[in-house]
Amino acid sequence: MADDIFRRLQQRLDTYSLGFPQTDSGVELEILRHLFSEDDAEVFLAMSPKVEPAEVIAPRLGREVAAMAVKLADMAERGLLFSLRKGDQTLYGAIPVIHGLFEFQVKRIGPELAGLMERYFAEAQFTQAMQTSLGAFLRTIPVQKAVPVAHNVASFDDACQLLRAAKLIVVTECICRKQQITVGKGCGKPLEACFMFGSMAQYYLDHDMGRRVDVDEAIALVTKAQEAGLVTQPGTAQNPAGMCNCCGDCCGVLRALNLHPKPAEIVFSNHFAVVDKDACTGCETCLDRCQMKAIVMGDDGLARIDLDRCIGCGLCVTTCPTEALTLQAKPSAQLAVPPRTSADQMMFMAQKRGLI
Numbered sequence: 001m002a003d004d005i006f007r008r009l010q011q012r013l014d015t016y017s018l019g020f021p022q023t024d025s026g027v028e029l030e031i032l033r034h035l036f037s038e039d040d041a042e043v044f045l046a047m048s049p050k051v052e053p054a055e056v057i058a059p060r061l062g063r064e065v066a067a068m069a070v071k072l073a074d075m076a077e078r079g080l081l082f083s084l085r086k087g088d089q090t091l092y093g094a095i096p097v098i099h100g101l102f103e104f105q106v107k108r109i110g111p112e113l114a115g116l117m118e119r120y121f122a123e124a125q126f127t128q129a130m131q132t133s134l135g136a137f138l139r140t141i142p143v144q145k146a147v148p149v150a151h152n153v154a155s156f157d158d159a160c161q162l163l164r165a166a167k168l169i170v171v172t173e174c175i176c177r178k179q180q181i182t183v184g185k186g187c188g189k190p191l192e193a194c195f196m197f198g199s200m201a202q203y204y205l206d207h208d209m210g211r212r213v214d215v216d217e218a219i220a221l222v223t224k225a226q227e228a229g230l231v232t233q234p235g236t237a238q239n240p241a242g243m244c245n246c247c248g249d250c251c252g253v254l255r256a257l258n259l260h261p262k263p264a265e266i267v268f269s270n271h272f273a274v275v276d277k278d279a280c281t282g283c284e285t286c287l288d289r290c291q292m293k294a295i296v297m298g299d300d301g302l303a304r305i306d307l308d309r310c311i312g313c314g315l316c317v318t319t320c321p322t323e324a325l326t327l328q329a330k331p332s333a334q335l336a337v338p339p340r341t342s343a344d345q346m347m348f349m350a351q352k353r354g355l356i
């Protein structure tokens, strides 16, 4: 009976966001048993991703509203549900594994869960699921300093503009780097580098998973992250719920991208790097800077961009000592415009996965 409810929970979670596919090893059930009790699973399965009050959820389970409210609040505190305060009501909704159950463990992840997630990330089924729809989940936007002053970047591709447009900004530690530190594989890059906006930011504040910052501090933190070699990746929406700063060592999205033979084909990005061979001295500074192994040294000793692997982040541009590297926008016919809202993004992701 227990395995049955956790399998049903896995199957439900597999319909959300990037999915949560069944694996050959069955490690996904171990993850769920670590996070959920059987009662938690029963409650989750009775819920919708659309936020609702306890008064609506309780009758589905034949429970008293007061007891249901206590249960939902407890699950939200443990990162098993999303909660939203609206007037004098608190609304609750079911969440995906990513972004959701995994990220919401940022303040409580320990060796057991970190190890289970590492095993799950190594499964072929997870990588395939990520590669199918990761462009609809996160997108790559340019490092601020890599964009020429004369180049007009759409506001949705400008990290500073996204921060200025946010009504509430919360910064939190990166769950991916924290998980990797816990399994002994940390990269040493900044931990406090992920941002939540709007109602998602309020959820993080309500459950002590981050701290509120103003626009100036947020921009300073993004600049620090980019200088440290992190790739800026907001959600694939014009008004995203959050913005990550990722590394190829730890980030699930970049790790999955790196395993793909042609990351540029599946990433959501509007830029690519170009080398001026007359200015390149072959110093190789850019090799370590690139998270995608998209730069190689040619037979002539000069840098060469593998456009099948370049995701257009611009990190290489900012440290080139001779300014031989520049970032260019893709031709107008190839420019991608993200969905307008996070709700539209979820529909886009479902389409990419063939669910609708």
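Just so we're aligned: 125 in full-length UniProt numbering is position 125 of the sequence shown, and the numbers increase by one with no gaps anywhere.
By construction, the Cβ of each residue, glycine as well, lies at the ideal position given by its N, Cα and C atoms.
These numbers were taken from a predicted model, which means no experiment stands behind them.
Residue i and residue j closer than 8 Å at C-beta
{"i": "residue 268", "j": "residue 190", "result": "no"}
{"i": "residue 367", "j": "residue 43", "result": "In the structure displayed, the chain extends from 1 to 356; residue 367 sits before or after that span and is not available."}
{"i": "residue 109", "j": "residue 182", "result": "yes"}
{"i": "residue 222", "j": "residue 232", "result": "yes"}
{"i": "residue 171", "j": "residue 135", "result": "no"}
{"i": "residue 275", "j": "residue 294", "result": "no"}
{"i": "residue 176", "j": "residue 252", "result": "yes"}
{"i": "residue 308", "j": "residue 336", "result": "no"}
{"i": "residue 310", "j": "residue 297", "result": "no"}
{"i": "residue 29", "j": "residue 7", "result": "yes"}
{"i": "residue 256", "j": "residue 131", "result": "yes"}
{"i": "residue 57", "j": "residue 47", "result": "yes"}
{"i": "residue 45", "j": "residue 72", "result": "no"}
{"i": "residue 59", "j": "residue 91", "result": "no"}
{"i": "residue 187", "j": "residue 249", "result": "yes"}
{"i": "residue 259", "j": "residue 140", "result": "no"}
In DSSP terms, what residue i is bridged to
{"i": "residue 295", "result": "305"}
{"i": "residue 196", "result": "170 and 242"}
{"i": "residue 179", "result": "In DSSP, residue 179 forms no bridge with anything."}
{"i": "residue 234", "result": "243"}
{"i": "residue 84", "result": "91"}
{"i": "residue 52", "result": "92"}
{"i": "residue 274", "result": "326"}
{"i": "residue 138", "result": "235"}
{"i": "residue 211", "result": "171"}
6 Å CB neighbourhood of residue i in its chain, flanking five on each side removed
{"i": "residue 55", "result": "65"}
{"i": "residue 142", "result": "271, 314 and 327"}
{"i": "residue 96", "result": "16 and 17"}
{"i": "residue 114", "result": "179, 182 and 183"}
{"i": "residue 290", "result": "316"}
{"i": "residue 100", "result": "none"}
{"i": "residue 138", "result": "233 and 253"}
{"i": "residue 356", "result": "350"}
{"i": "residue 25", "result": "none"}
{"i": "residue 215", "result": "163 and 164"}
{"i": "residue 125", "result": "21 and 23"}
{"i": "residue 84", "result": "51, 91 and 199"}
Residues near residue i in its chain [Cβ-Cβ closer than 7 Å; skip 5 each side]
{"i": "residue 149", "result": "Here residue 149 scores only 47 on pLDDT, less than 50, and its place in the model should not be relied on; the value that follows carries that caveat. Excluding residues within five positions, none has a Cβ falling inside 7 Å."}
{"i": "residue 374", "result": "Residue coverage of the chain in this structure runs from 1 to 356, which leaves residue 374 outside it and unanswerable."}
{"i": "residue 5", "result": "38, 41 and 42"}
{"i": "residue 341", "result": "237 and 239"}
{"i": "residue 14", "result": "20 and 21"}
{"i": "residue 160", "result": "144 and 219"}
Near the ligand GDP: residue i beta-carbon under 7 Å from a heavy atom
{"i": "residue 319", "result": "Among the components of this structure there are no ligands whatsoever, and the ligand GDP is therefore not found."}
Close Cβ partners of residue i (< 8 Å) along its chain, the five nearest in sequence each way excluded
{"i": "residue 305", "result": "272, 273, 274, 275, 294 and 295"}
{"i": "residue 286", "result": "295, 303, 316, 319, 320 and 325"}
Evaluate the contact criterion for the stretch 231–248 versus the stretch 338–349: three or more CB pairs, one atom per stretch, below 8 Å. yes
When the Cβ atoms of the stretch 163–178 are set against those of the stretch 195–205, are three or more pairs found closer than 8 Å? yes
Restricting to runs no shorter than 4 residues, where is the alpha helix (DSSP H) found entirely within the stretch 56–82? Runs of the alpha helix (DSSP H) lying entirely within the stretch 56–82 and spanning at least 4 residues, in chain order: 65–77.
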